[in-house]
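Asks: The following block contains the structure, expressed as structure tokens.
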Amino acid sequence: MTDGIFAVAMTILVLAIHVPLKNELISMLQLNSYLQGFTIDLFLFILCFLILGSIWIEIRFLLHNLEKMDKIFMWLTLLILMFVVLVPVTYPLISDFGSEFAIFRYLFHINLLFIGILLLSQYIYADKKGFLSDFEDYNYKKRTALLFPLIAFMALILSYFFSSGSSIIYFLLFIDNFIVKIPEYIKSDK
Numbered sequence: 003m004t005d006g007i008f009a010v011a012m013t014i015l016v017l018a019i020h021v022p023l024k025n026e027l028i029s030m031l032q033l034n035s036y037l038q039g040f041t042i043d044l045f046l047f048i049l050c051f052l053i054l055g056s057i058w059i060e061i062r063f064l065l066h067n068l069e070k071m072d073k074i075f076m077w078l079t080l081l082i083l084m085f086v087v088l089v090p091v092t093y094p095l096i097s098d099f100g101s102e103f104a105i106f107r108y109l110f111h112i113n114l115l116f117i118g119i120l121l122l123s124q125y126i127y128a129d130k131k132g133f134l135s136d137f138e139d140y141n142y143k144k145r146t147a148l149l150f151p152l153i154a155f156m157a158l159i160l161s162y163f164f165s166s167g168s169s170i171i172y173f174l175l176f177i178d179n180f181i182v183k184i185p186e187y188i189k190s191d192k
């Protein structure tokens with residue numbers, strides 16, 4: 003079910019990219035206007051696709067390393083999936099109305115913040131209940147899970163001050179291997 007929901011949500015993202023009808027592009031001015039909007043739509047699509055992909059990878063990693071689970075863990079997963087399917091709803095609102103109405107930017111970031119908090123909760127809950135198999139880098143993975151809600155919170159704060167561009171901070175998720183391992187690099191130098 004988890005893989006299916008991610009696959010559908012990630013596929014639906016592309017539907018928010020506006021494809022013009024033949025009679026919509028009859029001049030260079032209209033083409034330039036369309037390309038500006040298309041560039042924003044494409045950027046947000048790529049960003050949301052990669053964000054959902056990184057969440058999927060984290061969930062798959064966690065599920066792979068579980069020895070057992072209970073109903074509470076499954077409810078946490080279900081709640082994450084509920085917010086995942088909201089991403090294809092909130093991201094076009096940013097694209098279309100985000101610069102005029104801050105509420106749509108806030109909703110997008112709050113949705114991702116909830117996903118991050120729930121994912122971190124899963125890691126903590128599974129650890130406390132002893133559900134996880136012994137695997138290397140557990141502390142690294144827990145710090146990675148902590149990074150996601152922190153980035154979403156920072157994006158939410160930035161969206162208050164900037165009408166556009168607050169989503170760019172999510173690219174930090176994709177260099178998390180470096181950021182999260184900084185404490186280990188510092189320890190190894192001593």
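Each residue of the sequence shown is one higher than the one before, counting from 3 in the working numbering. The beta carbon of each residue, even a glycine, is placed where N, CA and C say it ideally should be.
What does the alpha-carbon distance come out to for the pair M30 and C50?
Replies: 30 Å
Asks: Can you give the Cα-Cα distance for L121 and V91, rounded to whole angstroms?
Replies: Linking L121 to V91 through their CA atoms gives a straight-line distance of about 20 Å.
Asks: Rounded to a whole number of angstroms, what is the C-alpha to C-alpha distance between L95 and I105?
Replies: 9 Å
Asks: Leaving out the 5 sequence neighbours to the left and right, which residues in its chain are closer than 6 Å to L68 when beta-carbon positions are compared?
Replies: F133
Asks: Apart from the five residues just before and just after L148, which ones in its own chain have a Cβ nearer than 7 Å to its Cβ?
Replies: L122
Asks: Measure the Cβ-Cβ separation of S101 and S165 and say whether it is below 8 Å.
Replies: yes
Asks: Identify every residue that forms a DSSP beta bridge with L49.
Replies: Per DSSP, none; premise fails for L49.
Asks: Please tell me whether F47 and L15 are closer than 8 Å, where the distance is taken between their beta carbons.
Replies: In contact: F47 and L15 (Cβ atoms closer than 8 Å).
Asks: What do you get for D136, buried or exposed, if any count of 16 or more other CB atoms within 10 angstroms of its CB means buried?
Replies: exposed
Asks: How far does the alpha helix (DSSP H) with T129 in it extend, from its first residue to its last?
Replies: Per the sequence shown, the amino acid found at residue 129 is Asp instead of Thr. Taken as a continuous stretch (DSSP letters only), the alpha helix (DSSP H) holding D129 covers A104 to K131.
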